[in-house]
Structures are given as structure tokens and as C-alpha cells.
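Chains A and B are the protein sequences, given in the same order.
The first sequence begins at 2 in my numbering and counts up one residue at a time.
The second sequence begins at 123 in my numbering and counts up one residue at a time.
Built from N, CA and C at the ideal position, the CB exists for glycine as well.
Take a look at the structure below.
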Amino acid sequence: MFKLIGQRAIASLLSLLGLMVLVFFLSRLTGDPAVLFLPIDATEEMKANFRALHGLDAPLLEQFARYVLDLLQFDFGESLRKARPAIDVVMEAYAWTLPLALITLSLVIVAAIVLGSLAAFNVGGFFDRLVSIVSLIGASAPDFWIAIVAIVIFAINLGWLPTSGVGTPLHWVLPVAVLFIRPFGLIVQVVRGSMLSALSAAYVKTARAKGVKNLPIIFVHTLRNAMLPVITVIGDQAAAMLNGAVIVETIFGFPGIGKLMIDSILQRDFNVVLAAIMVTAIAIFIMNILIDIAYGVLDPRIRN
Amino acid sequence: MTIKHILVGALVASTTMVPAMAQDNTDITVVLSEELDLVEPCMATRSNIGRVILQNISETLTELDVRGDKGLMPRLADSWEDKGDGTWQFKLHPGVTFSDGTALDAADVKHSFDRVFSDQMTCESARYFADTALTFTVVDDLTVDVKAEPAQPILPLLMSLVTIVPSETPMEFVRQPVGTGPYEMTEWTAGQQIVLTRRDSYWGAQPEVTKATYLFRSEPAVRAGMVAAGEADIAPQITAEVADNKATDFSYLNSETVYLRIDNADAPTSDIRVRKALNAAIEREAFIGTVLPDGTELAVAMTPPTTLGWNPDLSPPAYDPELAKTLLAEAKADGVDVSLPIEIVARTENFPNVTEVSEALVQMFNEVGFNATLRMVEVAEHEQYYSKPYPESEGTRLVLAQHDNSRGDPAFSMFFKYASQGTQSGVNDPKVDDLIARASAATGEERAALWSELFAYVHDEIVADVLLFHMVGLSRVSERLDFTPTIATNQQLQLAEIGFK
């Protein structure tokens, strides 16, 4: 198990280095940040001064060498637009994205496993229909539309919740609820399918023949064996959430990493783009290790 | 516990939850469309920064009344005088203090401009002095002479674009701006909010608003919804689709002009008949009240009607597709290849419904016989087409753009858009260059007359471009406020102008 994790860590580190090189040079191909930072009628002198101040007038390889040297000292450089350390900007945003992702994902996992298992156990029953409806909404309704409708109903018409922002726990309800729907719809279907398959196994029939009750059959015997594909899908969804939830962040004014990354790309704030991608990549790398550990816990064959 | 019990319980619990609402006192909440990257006073001419800082935290020597007819008004400078030889003398208002407690003096004015022109930072307001060298001489604590080379007749107006900071302000972007304005910044939580609190020691009249909290939401429906839900009091820049409440939603000219820039050097648009045909092909009125909000005005100049020298005698080209076809036929008969492709280049999210407007323009052009296509691009790519050097193309490109001039004088527009050396100009005409040079150097009525003549010349004589619309801004304002947004709201939002009913 430790050997497996070690191998994964080395592979991830190499991926991280490759990513850094790729993003550095690709971001430079997008154009000149001075054009976007300064007004359209800025003089050439102003543009040249901006480039000189931020080291953008140096040859590309020299810029890269300087960037790598700074990075070795954990210096991601300064945000071109915000005039402060890029890593500070990114970590501030990540401090909002991480809890949003963790809370949403935890709720999704618990709800999807419970409802998916119950749906599989009683095909065509209440939970099965509920799962189908939510899955359908999650797959077909755009996040944007759901978010706006939720604001109109729960914040403006009913006045139960704030429209947006991050001030109190109540502010989190709508963003989490909107972010919940799509991954829940996906994971609950995987749980249902996987459980259906597991429930038809011989050991389940044996347990039933021995008089074991339904709940232990579902949650003790079957679920563990049905979890491997579920873990894989959870990993995919978690990676998407760790990259930020652009729509939810945009509509609810949630200062997370997704919108920051999009804005930074559009504004050519290279240092913030690089810092955001590196931090996100590290988070995903850590999450992949956790998933590997989860595989090992669930399946001794992987552990050994 | 049944599902029914759970739902009823949730309903009862939810009715006890009261979200944070806007305050019912003299504190207000403003929800803006764009977060501030910086709160640097020398960047206050950038609209998103200006709405928070300009005349609230940081003040300028002079102030332009773009809403009424007061023209250029005193602010930190009580008076100014042309001393000849390009030198203007400004007398500062006595007894003004900054929010750090220090007194305003002439050295602060000099330092503020030193920062603007410093090569240790990139201040946006430097662009207004591109070809002008300024020399500051401190005469006494409250008097400063400013010599401009070459002489700058609108120097007092240009002083309305530079905010004054204390001499101690470093030559780098600051995160805690210090100004002479009626408010000081008491909180800035990046990504979330900025709070301005009224200064008891302000030198002028005390505004009614005691505290202003700025929030940032990029979605117009959310901004409008926040005012409707009582979470905010002012939401600038909402869209026509969500502006559905006459009691709270205001429409006003916002100083933006939408136009199609024509490259007069390209074929087939080098022929004036083709340019006239482009203008005649567009049914401008059809856009208003459909894809553009009611109140949008047809443009006859690059600047809004509140600008000096506005020419009331000009009228928009009539929609006349038959005339357009005839003009094209005449041009074709004289050997102009009118079948050459014309690509309309427009920027996504430039203004609400920009795609619909662009598509309609293309369709109208093609209906009279042009070979027009549309390319929607992001802001960075748009800039490549908009500013010189223009990329080569087969045929020509018409760049759909939006230009803002709330500064009161055409000097901020006409050189860039029409002079042969102008960065976004499609014109190379000696008479235009001459009129721009003379108008820029003139003062008073002569200046207004020359700008007026230039407006007529580019619109009627050379048909330099396709002027389309003076755009409308929409803002939602809480009914508890006594505040009417105006053309100035595009660039600044003076809290001192806000009262309570």
C-alpha cells in the first residue's frame, strides 16, 4: 500500500512539474497583459513601463528561469492586477472553495449512498422515484437556471434565505444546494446500479436465507462491495469541485477559486493563473492519494 | 418521523430565519458588478474603482458637472487662473485635511502628479497627459502653478481626473487609500466587501449617508434581486430584462456610444458611397425597445449630448434600403468591388445583447447586397482589431465598439477615434486632423464651435463611420433612498448625492 502511494506521489510530482512548464508558456501565448490592464488609449510608454515593472519585457526563457528560481523559494510572484502576492490571492479564494467543496461533497456522498442503496433495494419504490427525479433535474437543468430560480423563490419571494454572499451559515444554503444537485444525480445512479448488481450476488441470497435483516444486508454486506466504482466517480466529482464552481461562485458572489481562475485567465494575470493551477493540482493530488487509500481499505486485493 | 413531519418542521424553522437585510438607518449597501482589484486613488478613472473612490475617498482639484449645466466646478481648488504661457494657477481651499489628519497643501498636489507620472507604478490617469509635460511650482501652501508644454487649454478640466493624495503616499499602489473626501475606507475584505465610513472631520458639508458597504455580484439578476429583497440599496448596471419595477428602476444615458469603426483605407469602404450605403442599410429605431432598452438614443457623434460642442443640427441617417442598394450599384458601376467580404468584429459581453445587435446588423447589411459576416471575440482579441496596427484582411472589417466619454470634452475622444494618428482611427483626412488640432488648442466658444464643425464634418461630409446608439444605463435604487442615477453614475457614485426619503 505504501509503495503504491509512494509511486503515485512521484508520478503526481512529475505531472506537477510538467503542468507548471506547460501553463507558464501557454499563458504567455495568450498575449500581452499590458493591453488589458491599461485603458485602450494608453500610450506605448505606459505599456512599456508596465511590462518593465513586471519583468514582462525580458526574453521568455529568462522570465521562466526567474519564475522557477522564485518558485523554489515558494514565491509565486505578484498578481499583475491586484498588486499583491499571487499566492495570497489564491489561498484566500481556496479558503472558500475548500469548505464549499467538502460540505457539498459530504452531503452528496451520504445522500447518494443512502438513497441509492434504498432505491436499489426497492426498485420502483419511493426512493427509486425520488432518485430518478433528482437525477433527471441534475442532468438536464443548467446550474445557472437552478441558481437564479432558487434565488427568486427562496430569497426574493419567500425571504427565507439571503440572495448571495458569504456572511452567515444561511448564506451557504443556496450555493451548497445548487452545487449538490448535479454530482448527487450522477453518484446516486452509480450507487443504485452498483448496488443492484451486488444485491443479486450469491452471498446476499445466503444472508437472506440465514434471516439477516434488510438494513444490515444493504449497509453492512452489500455496500462495501458496491463502493469501488462509486469511489471512482466521487473522485471525479471531487476534482471538479476542487477546481471551483464557476457558475455558483459567479451567481452567489462566492469568492472561490473557479471564478478567480477564469477572471485571471481572461485578464492575463499570469502569476495568479499559475498559482491557482498549482494549488488546485496539489489539492487534486492529495485527493487522489486519499482515494487510493480508500480503495485499499475497501478491497484487500489492492492493499496487497 | 414521516417525510411530511420533516417538511413541516423545515418550513416552520425556515420562517424564523431572517437573512441579513439592508439597514433601515442611514447606512447603505451598494452592489456593484465588478470587484475592485485595487483601491488606488491614481486609478480612479477606471470606472469600477471610480465608483467607490472618486469624490468619496479621494477628491480632485476640479469637478465637472456632467448632469447639469454648471460646467467645471471647484472642488479642492477654489479658483484657477490662466497666467499665460501655458501656466495655470490653482488656489486650494483652506482648512482641508486628509483622513490621516494631515492638512492639504500645494506640495500634496505636486506629489499626486509625481505619482501619476512615476515609472515605479502604472497609473491610469497618466494617459490624459500623453503629449503634455507638466511642471509644478509650489507658490505657497495653498497656491500651485502648473505649466503645461505645449499649452493645454483644458488643463482645469484635466485636473478633474487626478485625485489628490498626501505627500507621504509611497510610489506604489496603496491598499489603504488616504484622501480628503467625506469618507474613509474602514474595511476591505478582498472578494467580499468594502466599507466606507463618513468622516466627521470632512472639510465640506456632511453627507447624509453614514456608512456605505460595497458588495460585488457579477450577475445583473442577482444585483436587482438584492435590492428587491432589501439586501442592497443601489444596484447599478442591471439589464433591461430584470428592470421590471418602475418604482425602483431608473434608465438614463450612460455616456457610452456604440458605433461601427470603418477603415476608410480598405476596399470597398474607401468609397464614400459604400460608407453611406452601410449607414442607410440600418434600421436603427428597430433596435430600441427590442434588443436595446427604451430610452436608447440614436447617435450622431462619438460623444454624448452633454459634451462640449455637441451639434444639434445633425440627424441620424434615415433607414433607406433602396438608397443603400442604389449607392452600392453606383459604386459597383465605377469599378468598386462591393462583393468583397465585410467582417463585423464584435466583443462578447461588450453590452447587453451585443450578439443580437451584431447579428441584426449583419442581416441588414446583407439584405441590401453586402457580403457581411460576424465574428464574436473576447476582449483581448477584440483589442487586436480595434487598435492599430490593424490586421490585414480580404475586404475589410467593421469593428463594433463602445466608447465612453463622460469627461465633458470631445478631446478625450476625437483624436483617438478620428485623427490620422489616432490609435483607433479609420480616418486619414487632413481637414479632420486640422480641426482636431485647432479645437484642442482653442478655448471657450471657439473651442465649442470647432468641435461642432468637426462633428458635422465626420458625420455628414466624410461619413467616417457608422454611429449607432447612445446607450442607456439601468440602475435599481431602493425606494427608501432619495437618489436618481445619471450619466455620471457610469464613472462615479458620489455618496454625498444620496439622501433618504
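- Message: Using DSSP's beta-bridge definition, name the partner residues of V317 (chain B).
- Response: Among the bridge pairs identified by DSSP, V317 (chain B) is matched with B:E309, B:T335.
- Report, in whole angstroms, the separation of the C-beta atoms of A502 (chain B) and G548 (chain B), which I expect to be a contact under 8 Å. At roughly 21 Å, the Cβ-Cβ gap does not stay under 8 Å, so A502 (chain B) and G548 (chain B) are not in contact.
- Message: The beta strand (DSSP E) that contains D526 (chain B), what's its start and end?
- Response: 518 to 526 is the extent of the beta strand (DSSP E) around D526 (chain B).
- Message: Going by DSSP, what residue range makes up the alpha helix (DSSP H) through Y540 (chain B)?
- Response: 533 to 540 is the extent of the alpha helix (DSSP H) around Y540 (chain B).
- Query: By DSSP, does P163 (chain A) sit in helix, in strand, or in coil?
  - Reply: In the structure shown, P163 (chain A) sits in coil (DSSP, three-state: anything other than H, G, I, E or B).
- Message: Let me make sure I understand the geometry here. Which of B:Q359, B:T332, B:G491, B:D262 has the alpha-carbon closest to that of N170 (chain B)?
- Response: Out of B:Q359, B:T332, B:G491, B:D262, B:Q359 has the C-alpha closest to the C-alpha of N170 (chain B).
- Where in the stretch 201 to 283 of chain B do unbroken runs of the alpha helix (DSSP H), each at least 4 residues long, occur, reported from the N-terminal end onward? The qualifying runs are 228 to 239, 277 to 280.
- Query: Any beta-carbon of chain B closer than 7 Å to the one on E250 (chain A)?
  - Reply: Answer no: the Cβ-Cβ gap between E250 (chain A) and chain B never drops below 7 Å.
- Below 8 Å, can you find three or more Cβ-Cβ pairs linking the stretch 212 to 231 of chain A to the stretch 126 to 144 of chain A? Fewer than three Cβ pairs drawn from the stretch 212 to 231 of chain A and the stretch 126 to 144 of chain A lie within less than 8 Å of each other, which leaves the two stretches out of contact.
- Are the C-beta of R29 (chain A) and some C-beta of chain B separated by less than 7 Å? No, R29 (chain A) does not count as interfacial toward chain B.
- E185 (chain B) - containing alpha helix (DSSP H), residue span: Per DSSP, E185 (chain B) lies in no alpha helix (DSSP H); the unbroken beta strand (DSSP E) holding it starts and ends at 184 to 187.
- T315 (chain B) versus R82 (chain A) - alpha carbon distance: Reading the sequence as shown, one finds Gln at residue 315 (chain B) and not Thr. Between the C-alpha atoms of Q315 (chain B) and R82 (chain A) there is a straight-line separation of about 18 Å.
- Would I11 (chain A) be called buried (16 or more neighbouring beta carbons within 10 Å of its own) or exposed? With a 10 Å radius around the Cβ and a threshold of 16 neighbouring Cβ atoms, I11 (chain A) comes out exposed.
- Between A:G125, A:S28, A:D71, which lies nearest to I266 (chain A) when the distance is taken from Cα to Cα? Among A:G125, A:S28, A:D71, the Cα nearest to that of I266 (chain A) belongs to A:S28.
- Item | Simplified DSSP assignment, three categories, for D293 (chain A) | D293 (chain A): helix per DSSP, three-state reduction.
- With 7 Å as the threshold, decide whether the Cβ of M536 (chain B) is near any Cβ in chain A. Contact of M536 (chain B) with chain A is not assigned, every C-beta pair being separated by 7 Å or more.
- Query: Which residues bound the beta strand (DSSP E) around I263 (chain A)?
  - Reply: Not the beta strand (DSSP E): I263 (chain A) falls in the alpha helix (DSSP H), residues 258 to 267.
- Report the partner residues of H504 (chain B) according to the DSSP bridge assignment. According to DSSP, which records beta bridges pairwise, H504 (chain B) is partnered with nothing at all.
- Does any C-beta atom of chain A lie closer than 7 Å to the C-beta of A343 (chain B)? Yes, A343 (chain B) lies at the interface with chain A (some Cβ there is under 7 Å from its Cβ).
- So with Cβ pairs under 7 Å, would you call A350 (chain B) a contact of chain A? Taking Cβ atoms only, chain A reaches closer than 7 Å to A350 (chain B), which makes this a yes.
- Task: Check whether the Cβ of D237 (chain A) lies closer than 7 Å to any Cβ atom in chain B.
- Result: Put simply, the CB of D237 (chain A) is far from chain B, with every gap to its CB atoms at 7 Å or more.
- Task: Using beta-carbon positions only, say whether A276 (chain A) and V91 (chain A) come within less than 7 Å of one another.
- Result: Yes, these two residues count as a Cβ contact at 7 Å.
- Could you name the residues of the stretch 204 to 235 of chain A whose beta carbon sits closer than 9 Å to any beta carbon of chain B, in the order they occur along the chain? Considering only beta carbons, no part of the stretch 204 to 235 of chain A lies closer than 9 Å to chain B.
- Item | Local conformation of S201 (chain A) per DSSP, three classes | Here S201 (chain A) carries a coil assignment [DSSP, helix/strand/coil].
- Item | V124 (chain A) versus A:T207, A:M196, A:G160, A:V249, residue with shortest Cα-Cα distance | Nearest of A:T207, A:M196, A:G160, A:V249 to V124 (chain A), Cα basis: A:M196.
- When you compare each of B:L603, B:L617, B:I286 to T627 (chain B) by their alpha carbons, which one comes out closest? This structure leaves residue 627 (chain B) out entirely; chain B is present only between 123 and 623.
- Task: Quick one: using the 10 Å Cβ neighbour count with 16 as the cut-off for buried, is K271 (chain B) buried or exposed?
- Result: Correcting the residue type first, residue 271 (chain B) is Glu in the shown sequence and not Lys. When all chains shown are included, E271 (chain B) counts as exposed.
- Query: Expressed to the nearest angstrom, what Euclidean distance is found between the alpha-carbon atoms of H581 (chain B) and P552 (chain B)?
  - Reply: Their Cα atoms are separated by approximately 16 Å.
- Message: Tell me the rounded alpha-carbon separation between I149 (chain A) and P184 (chain A).
- Response: Approximately 19 Å, taken between the alpha carbons.
- Task: Using a Cβ-Cβ cut-off of 7 Å, state whether S340 (chain B) counts as contacting chain A.
- Result: At least one chain A Cβ lies under 7 Å of S340 (chain B).
- Less than 8 Å between the CB atoms is what I'm expecting for I157 (chain A) and A351 (chain B), so what's the real figure, rounded? The Cβ separation is near 5 Å, so the contact holds.
- Task: Flag this pair as yes or no: are the beta carbons of I584 (chain B) and L375 (chain B) separated by less than 7 Å?
- Result: Result no, Cβ atoms of I584 (chain B) and L375 (chain B) do not sit closer than 7 Å.
- Going by Cα to Cα distance, which pick from B:E444, B:F295, B:D416 is closest to D241 (chain B)? Answer by Cα proximity: B:F295.
- Have a look at L264 (chain B) and R197 (chain B) and give me their C-alpha separation to the nearest angstrom. Taking the straight line from one Cα to the other gives about 14 Å.
- Item | Per-residue burial, T425 (chain B) [other beta carbons within 10 Å of its own, 16 or more giving buried] | Buried: at least 16 other Cβ atoms inside 10 Å.
- With 16 other Cβ atoms within 10 Å as the buried cut-off, status of Y540 (chain B): Y540 (chain B) is buried by the Cβ-count criterion.
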